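A short worksheet on the structure shown next.
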Amino acid sequence: MSSERVNIFIDGGNFYHLALRKLGSSESNFDFEKFANFLANGRKIADMGKRFYIGTVSERPGDQRSKEAMSKQTALFTKLKNNHWEIRTSKLRKRIEEIKIDDRVIDYKNILRKGIEKIQYEKLREKGIDVKLATDLIVGAIDDKYDVAVVVSSDADIIPAIDWVRNRTHKKVEYIGFSIVDGEDNKHTKDSCSPRPKTVYTLVPWTSPRYYFIVRQALDKDILICYNYI
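Take the position in the sequence shown, starting the count at 1, then add 1198; the result is the number in our numbering.
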């Protein structure tokens, strides 16, 4: 076993939306412990060296879906804590999104004839998760808590913190990013991941066996999973 001490940082929201959900999987049936050991790759995971970052779900009175989501998240937190993961949370903030009805919308002429010019809907977004991850990454490097940081995220906002750690403390950082090929919003992430991409096959061993058949579907959707030593 290598003498290098490893810390693992997982952005849970990005990991779910950009990887697990596209595999038809979920956090509840994904083995984060085996995944962490795979990422460590024979190296020692330092004490208190596994961190999971996620926005917390709140139950809304009379809303069964929010009740079920909160129950699933509580079960996930219990499982992670039992395996000595540190959980960093932030509140999900409500934001009103708006869709303008124009020729980009199917059957838009009929919709406009009904006097509907826009549609508003509520969306929940995490706030501050990237800041917490970046702070822990930098503080851990300064306090010499690790030799290698493994960062699982797809948020370009974390790149400055990674660069700071590499350049100022000379710690090693391994970055795992997920993106949709040719997605404009993910250009920075894709550039950061090349030239060492791995396919979704990397994820499958830690999901339930019934998800093996979904791998081909995921590849057909042009999901890119990148594993890059920075």
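Just so you know, even glycine gets a beta-carbon here, dropped at the ideal spot from N, CA and C.
Everything numeric in this text was worked out from a predicted model, so none of it was measured.
(request) Look at the alpha carbon of T1400 and the alpha carbon of R1311, and state the distance between them as a whole number of angstroms. (result) Residue confidence is low: T1400 scores 43 on pLDDT, short of 50, so the model does not pin down where it sits. Its coordinate-derived value is still stated next. So the alpha carbons of these two residues sit roughly 49 Å apart.
(request) Below 8 Å on the Cβ atoms is my guess for V1348 versus F1228; work out the distance and round it to an integer in Å. (result) Not confirmed; about 16 Å, so no contact.
(request) Please work out which residues of its chain come closer than 8 Å, Cβ to Cβ, to N1365, disregarding the five sequence neighbours upstream and downstream, and give them in chain order. (result) none
(message) For the pair the stretch 1326-1341 and the stretch 1279-1291, tell me if three or more CB-CB distances fall below 8 Å.
(response) yes
(request) Starting from G1247, trace the beta strand (DSSP E) both ways and give me its first and last residue. (result) R1241 to T1254
(message) Quick check: V1346 and E1202, are their CB atoms within less than 8 Å of each other?
(response) yes
(request) Have a look at W1283 and S1223 and give me their C-alpha separation to the nearest angstrom. (result) 21 Å
(message) So, with DSSP's three-state summary, where would you put K1307?
(response) helix
(message) Check this for me: beta carbons of N1205 and A1267, under 8 Å apart or not?
(response) no
(message) Need the endpoints of the beta strand (DSSP E) that F1207 sits in, please.
(response) S1200 to D1209
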